Structure formats: C-alpha cells, structure tokens
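Residue numbers (my numbering), protein chains in the order written: chain A, 826 to 987; chain B, 3 to 508.
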Amino acid sequence: MVSTILSLLLAFQSPIISINQLILESHDYDKKTVMIEAEVILEVLERGDHAWINVNDGTNAIGVYLPIEMTEEIKVFGDYNHRGDIVLISGVFSRNCDEHGGEIDIHATSLKIVERGYVVTHEIAMWKWIVTMFGVSISSLLLMSHRRRKTKAVKREIREFL
Amino acid sequence: MKIDTSNWGSVCYYTGTSALIFSALFTLPIAVALLYGDWSSALDFTLSLSTSVILSIGLIRYGEHKRKSAQGLSWRHGLVVASFTWILLTLISAIPYSLSGHSLSYLDSIFDVMSGFTTTGVFMLQDLDHISQALNFWRHLLTFVGGQGMIVLAISFFVKESGSAYKFYVGEGKDVTLVPNVKGTAQWIWKISLVYLIIGTSLLWIQGMRIGLNPVNSLFHGIYIFMSAWSTGGFAPNYQNVLFYHDFLFETIGLVIFIIGSFNFGLHFALIQGKYKEFRKNIEVVSFFVSSFILSVLAVIYLNNTGMYTRSISLFRRVVYNLLSAHTTTGFGSVYAQQFASDWGGLGITVMVVAMLIGGSACSTAGGIKGLRIGIIFKGIFNDIQKLMRGERTMRIAKYHHIQDHVLDDATFRSASSIAIMYILLFTVGVILTTLSGYSLLESSFEVASVTGNVGLSIGIIQATMPSYLKIFYILAMYLGRLEFISVFVLIGMLFKGVKQWFQRY
C-alpha cells in the first residue's frame, strides 16, 4: 500500500522514462531516482535476500536489483508463450554500479503491477499446414528414390569389383 | 563454343551432398519444438527441412551425371563448392527465421543467419525475449556448426575419403590437418568441440542454477552460451546478452570458453597428445597474449583516467572482458552498445577496433586477420630490419613455431600480408560506405571492424532500420571475412566466366 502511494506520488514528480533514454543519457540520470514501466522477462534470479529481474520496455532492457519480497507480486514472466507482467518500477539508476561490478542497473525502491501478464496463443495458418504436408510428401519421395539409387550404385560397384 | 558443364555439375553435386547432410540438423529444433508442444515452430522447421531436402537432392540429381570424378576436381572447384555451399545453406537456414514472424524481411533473416554461420553475433531479430525455444536453439546451433565449419561437418559424414575433400576443407578457411586424412581431421575437430560442449555446458548449467535460473532454463542457457562462446559467436538467448545474468562467475566461465575456443584446433590436438610446450612456443598463442596484454593495459589506463571505471572489478568486467571478447572475435557484450559510443571515447574505441581486426587464431572458430598472420608479419618485418643492421654478409634463416618449426620465407610472408591487406581494404571500403550513410567515422570503424572480423559487438548502427545496401554490404563482409576471400573470389570468377560463355554461345 505504502509503495503504491509512493509510486503514485513519484509518478507526479518524475515522468516515466524509456530504458533506451536512460542508457543514452546515462550521465544525466546517474544516481538519480527514475521511473520505468516495462515487462518482466523470463524469471526472478534470486540472490539471498535480494533478487534480479530483467525488464524490457520495447526500447531496451535493463536489470533491476530489488529486495526479494518485492518480487512476490510478479506472477507472469515474459517468454515465447507469455506476455509478462508490466511493472512500474521506481529506483536509483546507476551507469556504473559500485555494488555490481560497474553494471548499468536500477536498485528498485518500489514496484507496482500495472498490467497482469497473459498466455499467448500461436495460431497456425492453414496454408502452413498444407504447404508443409506437401513439402514433406515430395521430400520423402525424393529421399526414398535417392536412397534406392545410392544402394543400386553401391551394389553395382561391388559387382564390378568382384 | 561449348560450355563446360562438368564444372558446374561437380559443384552442384558436392554442394547438394553437403546441404543434404546439413539438412539433418533441422530435426534438432523440431525435437525442441515438440518437447515444448510448440506446433507452430515445429511446422516452420519441418517446412524448412523439406525445402532443404528438395533443393539438395535437386542439385545432386543435376550434377550426378555431369560431374567429373572426385579425384579429377581442381582446387578451383573445391573452393567454389565451399563458398557456394555457404550461400545455399544461408538461404535455406533463413526460412525458419522468416516464418517465425520475428524477422522484418527475408534480407534480415539472411543477415542473422550469415551472422550466425560466420560466428559474428549481431542480429536483427525483433522481440528477441519472446522468440521460441526452437528458434533460439536454431540460432545457437547455426553459430556452433558455422564455427567448426559446414564443410567440416559434411566431410565428417562423407562415406568415402577423396582427394577433393581437402580442397573443400581449405575453401572454408581452414588449413591445419590434425591427422593424415582430412576426414579424420574433420572428425577430430568435432570430437574436440563435443568434449568441450559437455564440460562447458555442465559448468554453465550448474552456475545458471546457482544464480537463480530454474533447471530447465539453466540447461538451455548453458547450451546456448557454450555454443556461442566456443564458436566465438556472441549470440545470447536474451536481448541483454551476458548482462542478463548479473554474475561474475557466469561471465568468467564464458570468458574461459571463448578464449579456449579462439585457439587453433591444431593447438588443441597437440595438447591432447601431451605436447604441452606447444602452448608456450606457438606463435599464435604468443601473439594473442602479447596483443591482449598491450591492448588491455591501454584500454584500462584510458578508461580509468576518464573516470568511467575506477574500481578494479569494474575495469575487469567492463573493459578487459569486452576487449578479450573483441580480440577473440566473440562479441559477448557486458556493456550496452550505446555505452561504447558515449563512454569509451576515441582511444577506447580505437583499441577495440584494433583488437577486432587482429582476431583469434587461424583454423579455429575465430575471425579477423588472425594471430598467426600478425605474428608472421611482425616477425618478417623484424627479420628484415635485423638483416639490414647486420649487413649483407650475414645469412640468417628466420623461423617461427606453429605446431612445428617453419621457415619464414618470402612466400609465407607475402601470403600472410596479402590476406591482411584484403581485410584492411574491406574494412576501409566498409568504413567509407557507412560514413557516407551518415554515421561518424569512429562509430563506422567500430561497426565495420566488428562485421569484417566476425566479432558481433555493436555500437548501435546495426539495426533492422538501417539502409538495405548497408545490410547487404555487411552480409558480404561477414562472408568474405569468414571464408578469407579467396574461395569467394574464385566463385565470383567462375560465375563471370559462366555468364561470359553463355553470352558467347547465344
């Protein structure tokens, strides 16, 4: 609740910045509190009482370091079969994080789910089924005929040798 | 005048045979897709497999009756088979990219496949974080196979050893023979790579789980990062490349794998045979460590002075790591492309360009001019200076050690210099073209060095929105750089000759 209110207050103070803009203007945003809205990718990488999440807003992707309890709200992660949860993150941006070997990252102070992720279904076009079946039939016939010719050629070579 | 169709017959026959063997690889992503219940990707790859089989058998049938005997094949034909096989397999392998819907055009798909085969590692795929496991597997498999060589793969499965096999093998930019026959050499290359695949993947899998990936994701990421590192490729399954993992040890395992991968297969074979001194004496290893040390020191001092990276761990993970990634022509990036442009400054970028152009070892998975040639050129120049200083009466034979002792004669020096000059020429043309397209000279140099040396680091120019003519030039640069010019030039020459004969006939 507190983090939600904080996020909303921050939203009035600082507009949402794209990840690409953060990286391009890293000198200007260094050590400042920033706010991004992005999709959570693949899974939470737990590191003791903290964790990393990787988020992508369509312009670029970045690692976010945060206390592990903050990740509990995240349920859906982006991959081929899912659009991940869209989260609003505010935190301190570093262009050369001392704690993480000079990495560009955000140490999150708050995280809010803006839009819940969902399962993506991949429809298969009918033409793809038809063309594939046709291709498989032709290539199977060709392979069988190729193999028969090869076998005949080997037999002929053996006969000639004998 | 009658066109000599037996030449093209032979080329078509052997290209078709290599492509047919390669077609078997499509079954692997199909298996991955089925494992995930992903029918859409399974169909994409099945359609690609069928197309590959139909084209391959078509070429074999066309060439079968017209071809010359294998022993009768000239060097020229061997080189053309290698270069033509690369083109055909690139066109075929791009099909699943286009069918996936993640590629904006077929040209972009070809770009990505050529980048994979040549172990470059730049990409134009859209929404990489949401591509299927099967397509991700395919990308990394292509870079793994491309690193060892498609011809090497085909030769390993040839039923009969023939004199022409060695000509195909050389056409693919490899010349070291590990055992007396080329089929045995090709099989040894695969044995070495597969042993490292098991060890490297296991290490990355375990570390992947330690850093929080679930066992299945960790296994696939382990396979992908190994394939990419060993082949000095630079692809990674997610958009952030190695930045995705946020772990020093994971990056270091990758670093060790790509350094080992950039060494000559001859060196690996010598070490397997217990010839450990080879590691210390080999001109390529010496050349690699000397140039890595000098360039790393330069970059570290410069970026420390600019205040960009001040801590030793940051200097290692952000500067030395990227420099070694560039030098081995891997292309794993532990900084963002935009950071090279904004934070690395003139000297930082220049050092990276030099590292990328030098490249890794000959007959390895790496690209670039190659350490062997750089070593020979420097030793040759040093020898000439010594000759001048000692006077004409003193005779001294210069030697270098590469698997065995070799005399550094004029022909060796000339051959190494010619290839180096061709790389520099290609680089220069690329820089001019890119600069004319509106990019700065430093940015253009970085990007062109990356594609010419088959590296894969980017400063941000390579994107799906870049002009098509630049995409085509970069595809050619990757192709020429990987095959080391000669076989491609012979293919172009043969095509011109064919066209000329055709015009004379009609």
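All C-beta atoms, glycine included, are put in the ideal place defined by N, C-alpha and C. Source: prediction; values computed, not measured.
DSSP places residue 944 of chain A within a strand segment (E or B) once states are collapsed to three. Residue 208 of chain B and residue 219 of chain B have their C-alpha atoms spaced approximately 11 Å apart.
Interface residue (Cβ-Cβ distance to chain A less than 8 Å): residue 245 of chain B is classified as such.
The straight-line gap separating the alpha-carbon atoms of residue 456 of chain B and residue 985 of chain A is approximately 49 Å. Closest in C-alpha terms to residue 345 of chain B, from the list A/958, A/973, A/921, comes A/921. When Cβ pairs closer than 8 Å are counted between the two stretches, the stretch 37-52 of chain B is seen not to touch the stretch 441-450 of chain B, the count staying below three. DSSP places residue 877 of chain A in the uninterrupted beta strand (DSSP E) bounded by 875-881. With a contact defined as Cβ atoms closer than 8 Å, residue 104 of chain B and residue 283 of chain B miss out at about 47 Å. Under the Cβ criterion (8 Å, minimum of three pairs), the stretch 323-338 of chain B counts as touching the stretch 457-464 of chain B.
Along the length of the stretch 210-263 of chain B, whole alpha helix (DSSP H) runs at least 4 residues long occupy 217-232, 250-263, reported in chain order.
Within the same chain, and ignoring the five residues on either side of residue 927 of chain A in sequence, the residues whose Cβ sits closer than 6 Å to its Cβ are 921. About 4 Å separates the beta carbon of residue 451 of chain B from that of residue 358 of chain B, a gap short enough to meet the 8 Å contact definition.
Scanning its chain for C-beta atoms nearer than 7 Å, with the 5 sequence neighbours on each side dropped, one finds around residue 267 of chain B the residues 178, 180, 191, 194, 365, 366, in chain order.
Around the CB of residue 307 of chain B, fewer than 16 other CB atoms lie within 10 Å, so the residue is classed as exposed.
Within the same chain, and ignoring the five residues on either side of residue 400 of chain B in sequence, the residues whose Cβ sits closer than 8 Å to its Cβ are 381, 382, 385, 409, 410. A straight line joining the alpha-carbon of residue 216 of chain B with that of residue 210 of chain B spans about 8 Å. Residue 219 of chain B has a beta carbon lying within less than 8 Å of a beta carbon in chain A. Contact of residue 131 of chain B with chain A is assigned, a C-beta pair being separated by under 8 Å. For residue 134 of chain B, the nearest beta carbon of chain A is closer than 8 Å to its own beta carbon. Taking a beta-carbon distance threshold of 8 Å, residue 964 of chain A counts as an interface residue toward chain B.
In the displayed model, residue 407 of chain B falls within a strand according to three-state DSSP. Within its own chain, the residues whose Cβ lies closer than 6 Å to the Cβ of residue 170 of chain B, once the five positions on either side in sequence are excluded, are 80, 83, 84, 153, listed in chain order.
Under the Cβ distance rule, residue 307 of chain B does not count among the residues neighbouring chain A, no pair being separated by less than 8 Å. Collapsing the DSSP output to three states places residue 934 of chain A in a strand. At least one CB of chain A lies nearer than 8 Å to the CB of residue 242 of chain B. Residue environment for residue 388 of chain B: exposed (fewer than 16 other C-beta atoms within 10 angstroms of its C-beta). Residue 123 of chain B is classed as buried because its beta carbon has at least 16 other beta carbons within 10 Å across all chains shown. Proximity of chain B to residue 973 of chain A at the Cβ level (cut-off 9 Å) is not reached, the minimal Cβ distance being about 12 Å. In the structure shown, the three-state DSSP call for residue 460 of chain B is coil.
In the structure shown, residue 918 of chain A adopts extended strand secondary structure according to DSSP, grouped into three states. Cβ proximity to chain A below 7 Å picks out 246, 248, 250 from the stretch 246-259 of chain B.
Close CB contacts of residue 110 of chain B within its chain, under the 6 Å cut and outside five residues either way in sequence, are with 126, 466 (chain order).
Residue burial is scored here from C-beta neighbours: residue 196 of chain B has fewer than 16 other C-beta atoms within 10 angstroms and is therefore classed as exposed. Within 8 Å of the CB of residue 919 of chain A, no CB atom of chain B is found; the nearest one sits about 11 Å away. The three-state secondary structure of residue 277 of chain B, taken from DSSP, is coil. Distances from the alpha-carbon of residue 222 of chain B to those of B/101, B/151, B/137 put B/137 closest.
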